[in-house]
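In this text, residue positions in the sequence shown follow our numbering: the first is 74, and each later residue adds one. C-beta: ideal position from N, C-alpha, C; glycine also. The structure displayed is predicted, hence computed values, not measured ones.
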Amino acid sequence: MVGKLLFASNTVRPDLAYAVSVLSRYIKDPKEIHMKAAKQVLRYVSGTLDFGLTYRRTGSFQLFGFCDADWANDKVDRTSNTGYVFKLSDAPISWCCGMII
74 MVGKLLFASN
84 TVRPDLAYAV
94 SVLSRYIKDP
104 KEIHMKAAKQ
114 VLRYVSGTLD
124 FGLTYRRTGS
134 FQLFGFCDAD
144 WANDKVDRTS
154 NTGYVFKLSD
164 APISWCCGMI
174 I
């Protein structure tokens, strides 16, 4: 299940990137709470099936990039989360969300 969500978040659904990144951390030893979280993500996906990426020809052909990190926000192991998105004319063309060890 998480693998399929990971594929979707990497190819056509940047809105899933953070949730899937968090779920994938527990794939080796999942607990019931992780299954509930995965089901919640699936409910979100089923309610947003009409979401998608739209690339339109516009007058402005500009590339924008945004990034963020929380720098050792995890109190247990002091890991950080980071992410970025690059947009071309208001449509995402590259994105990533993950943990820095």
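Let's see if you can read the secondary structure: which residues bound the beta strand (DSSP E) around ALA142? It spans 136-142 - the beta strand (DSSP E) in which ALA142 sits, taken as one unbroken run.
Mind the definition here: the segment 132-151 touches the segment 109-117 only if three or more C-beta pairs lie below 8 Å; say whether that holds. With the cut-off at 8 Å, the segment 132-151 and the segment 109-117 do not touch.
Quick check: the segment 80-89 against the segment 114-127, are at least 3 beta-carbon pairs closer than 8 Å? For the pair of segments examined, the segment 114-127 was found to touch the segment 80-89: the number of CB pairs separated by less than 8 Å reaches three.
From the DSSP output, in three-state form, read off ILE106 for me. Looking at ILE106 - three-state DSSP - the assignment turns out to be helix.
In terms of alpha-carbon separation, which member of LYS104, PRO165 and VAL118 lies closest to LEU79? Considering only alpha carbons, the answer is VAL118.
Mapping DSSP to helix, strand and coil, what is LEU115? Collapsing the DSSP output to three states places LEU115 in a helix.
State buried or exposed for VAL114, treating a residue as buried only when at least 16 other CB atoms are found within 10 Å of its CB. Sixteen is the threshold: when 16 or more other Cβ atoms of the shown chains lie within 10 Å of the Cβ of VAL114, as they do, the residue is buried.
Exposed unless 16 or more other CB atoms sit within 10 angstroms - verdict on CYS170: Under this definition CYS170 is a buried residue.
For MET172, which beta-bridge partners are listed by DSSP? ASN154.
Going by DSSP in three states, LYS101 sits in which element: helix, strand or coil? DSSP places LYS101 in coil when its eight states are reduced to three.
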